[in-house]
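Worksheet: the structure to be examined is printed underneath.
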Amino acid sequence: MADEKLPPHDIEAEEAVIGSLLIDPDAILKIAASLKPEDFFSETNRVIYQACLSLYQRNEVINQITVAHELMR
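Heads up: the sequence shown runs through residues 114 to 186, numbered per the working numbering.
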């Protein structure tokens, strides 16, 4: 069986980005244009980031509560 190669990734860095978005209301302004959901290796982090982007695009506040509600949609 051949060894499958994984693309470079850093889950802790992804989690740090998500954490920054939840505590800094202006963080999304700095990254939305350059960081895409598909840049995340973790599917969970990708979905959470997409929820943050959706809130941002609707000019809604990004915090733990609004992201949780967005994820339940």
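Each residue gets a CB set at the ideal place from its N, CA and C atoms; glycine is no exception.
Taking its Cβ as the centre, do 16 or more other Cβ atoms sit within 10 Å of A164, making it buried, or is it exposed?
Working through the sequence shown from its first residue, we reach residue 164 at position 51. Result: buried.
I need the boundaries of the alpha helix (DSSP H) containing V174, first residue and last residue.
Position 61 of the sequence shown holds residue 174. No alpha helix (DSSP H) contains V174, which DSSP labels as neither H nor E.
Residue interval of the alpha helix (DSSP H) (run including A129)
Working through the sequence shown from its first residue, we reach residue 129 at position 16. I124 to I136 is the extent of the alpha helix (DSSP H) around A129.
Do L135 and I141 come within 7 Å of each other at the CB atom, strictly closer than that value?
Reading the sequence shown from its first residue, position 28 is the one you call residue 141. Reading the sequence shown from its first residue, position 22 is the one you call residue 135. Going by C-beta atoms, I141 is not nearer than 7 Å to L135.
Can you give the beta carbon distance from E105 to S167, rounded, assuming they're within the 8 Å contact cut?
With the chain running from 114 to 186 in the structure shown, residue 105 is simply not present.
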